[in-house]
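Q: After the structure tokens below, expect a handful of questions from me.
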Amino acid sequence: MAETIGVEPGFNVPDPQTLPSLKGKVSDEEWRLRCELAATYRLVALYGWDDMIFTHISARCPDERGRPRFLINPYGVFFEEMTASALVKVDVDGNVVAETPYFSNPAGFTIHSAVHMAREDAHCVLHLHTPYGVAVSAQKGGLKRYTQFAMIVHDDVAYHDYEGIATDLDERERLVKDLGSRSFMILKNHGTLTVGANCATAFLRMYFLEQACRAQILAQCDQETPLEEPPAMAAKVLQQGAPAFAPGLGDNLAWPGLLRKLNRENPGYDR
11 MAETIGVEPG FNVPDPQTLP SLKGKVSDEE WRLRCELAAT YRLVALYGWD DMIFTHISAR
71 CPDERGRPRF LINPYGVFFE EMTASALVKV DVDGNVVAET PYFSNPAGFT IHSAVHMARE
131 DAHCVLHLHT PYGVAVSAQK GGLKRYTQFA MIVHDDVAYH DYEGIATDLD ERERLVKDLG
191 SRSFMILKNH GTLTVGANCA TAFLRMYFLE QACRAQILAQ CDQETPLEEP PAMAAKVLQQ
251 GAPAFAPGLG DNLAWPGLLR KLNRENPGYD R
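Everything in the sequence shown is counted per this note's numbering, starting at 11 for the first residue and increasing by one.
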């Protein structure tokens, strides 16, 4: 079960391809962020990490009159069909603050708003429910140091205990405390989360975390117990892999190629 709210019977979700473009109707910076976030949604679908219309990726917009503003997916639109103009602008409580034919899911923004407001570096928050990520989140030992993928992220992973579907605003304080200054989180019995200064970095971090979780589950299919490296090796690999997430490095190397791949296989996010 994913985070949901009630919907009135008969509600019809508009096809995002039929919407008029917001290009030129919002600031250049907001339009750039909309395109990046819509691309991130489609890339998540392209990599098979989506969960139909559930889960969320959010990005912080420039404040309006001193009030925080965020972009998030409209409820009912599949990740593979997301467009820049379809994204919904909300306030810190998940309330829609700009005209749209869609509605957002305030329950789903509970986690995101907490992280955005607590971390200045968390301009993008990416939360998934992939089978491998959820499987590792259900294991008592969490992420193991089985692979290089895992060791690149292992010492930067935080954990948050399961508290039910994320509708309780009181949970935000506990989640932020558990995350601290780390960039990866495993929400126990629930899923995974990454943050980044931009969508590119949050996506790249999720790529490594997802690969680590997938490799762990595959390694555990053997009758032999997988080999786990010692903590000192994980600390070493963390430092070696850190440049991948440094501003202007990993994002500039991987993101342009990801967009080229997306433009070949599922164009139209930037409309």
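Cβ coordinates follow ideal geometry from the N, Cα and C atoms, glycine included. Because the structure is a prediction, the values reported are computed rather than measured.
Within the same chain, show all residues whose beta-carbon is closer than 6 angstroms to that of residue 251, passing over the 5 residues directly before and after it, in chain order.
A: So the list reads 162, once near-sequence residues are dropped.
Q: Please list the segments of the beta strand (DSSP E) lying wholly inside the segment 227-275, counting only runs of 3 or more residues, in order along the chain.
A: Here no run is fully enclosed.
Q: Measure the Cβ-Cβ separation of residue 69 and residue 29 and say whether it is below 8 angstroms.
A: Result no, Cβ atoms of residue 69 and residue 29 do not sit closer than 8 angstroms.
Q: Any chance the segment 202-210 sits against the segment 258-278, with 3 or more Cβ pairs inside 8 angstroms?
A: Contact between the segment 202-210 and the segment 258-278 is present, because at least three Cβ pairs lie under 8 angstroms.
Q: Suppose you measure from the CA of residue 199 to the CA of residue 225; what does that come to, to the nearest Å?
A: Cα to Cα, residue 199 sits roughly 18 angstroms from residue 225.
Q: According to DSSP, simplified to helix, strand and coil, what is residue 17?
A: Residue confidence for residue 17 is low, a pLDDT of 49 falling below 50, so the modelled location carries little weight; the figure read from the coordinates is stated next. Coil.
Q: Of all the beta strand (DSSP E) runs that stay within the bounds of the segment 105-174, which reach a length of 3 or more residues?
A: The qualifying runs are 134-138 and 167-170.
Q: Going by CA-CA distance only, name the one from 166, 164, 184 and 165 that's closest to residue 172.
A: Cα-wise, what sits closest to residue 172 is 184.
Q: In the DSSP assignment, find the unbroken beta strand (DSSP E) run with residue 203 in it and report its ends.
A: Counting along the chain, the beta strand (DSSP E) containing residue 203 begins and ends at 201-206.
Q: By Cβ distance below 7 angstroms, which residues in the same chain neighbour residue 276 in space, the five residues on each side in sequence not counted?
A: Hits under 7 angstroms: 52, 56 and 90.
Q: Give the C-beta separation of residue 216 and residue 138 to the nearest angstrom, bearing in mind that I take them to be a contact with Cβ-Cβ under 8 angstroms.
A: With a Cβ gap of about 7 angstroms, residue 216 and residue 138 count as contacting.
Q: Looking only at its chain, what residues have a beta carbon closer than 7 angstroms to the beta carbon of residue 114, apart from the 5 residues adjacent to it on each side?
A: Cβ within range, chain order: 82, 84, 85, 98, 100, 104 and 106.
Q: For residue 27, I'd like the list of residues in its chain whose CB is within less than 6 angstroms of its CB, leaving aside the five on either flank, ordered along the chain.
A: Taken in chain order, the list of residues that qualify is empty.
Q: Roughly how many angstroms lie between the CA atoms of residue 157 and residue 238, to the nearest whole one?
A: Roughly 8 angstroms between the two C-alpha positions.
Q: Does the distance from the C-beta atom of residue 179 to that of residue 120 stay below 8 angstroms?
A: The answer is yes: Cβ separation under 8 angstroms.
Q: Do you know offhand how far residue 22's Cα is from residue 154's?
A: Near 44 angstroms, if we compare the C-alpha coordinates of residue 154 and residue 22.
Q: Specify the secondary structure class of residue 92 as computed by DSSP and reduced to three states.
A: In this structure, residue 92 counts as coil in the three-state DSSP scheme.
Q: Pull up the DSSP beta-bridge partners for residue 82, would you.
A: DSSP lists 98 as partners of residue 82.
Q: Quick one: what's residue 194 bridged to in DSSP?
A: 167 and 204, per the DSSP bridge assignment.
Q: Along the chain, where does the alpha helix (DSSP H) that runs through residue 52 open and close?
A: That run of the alpha helix (DSSP H) goes 38-56.
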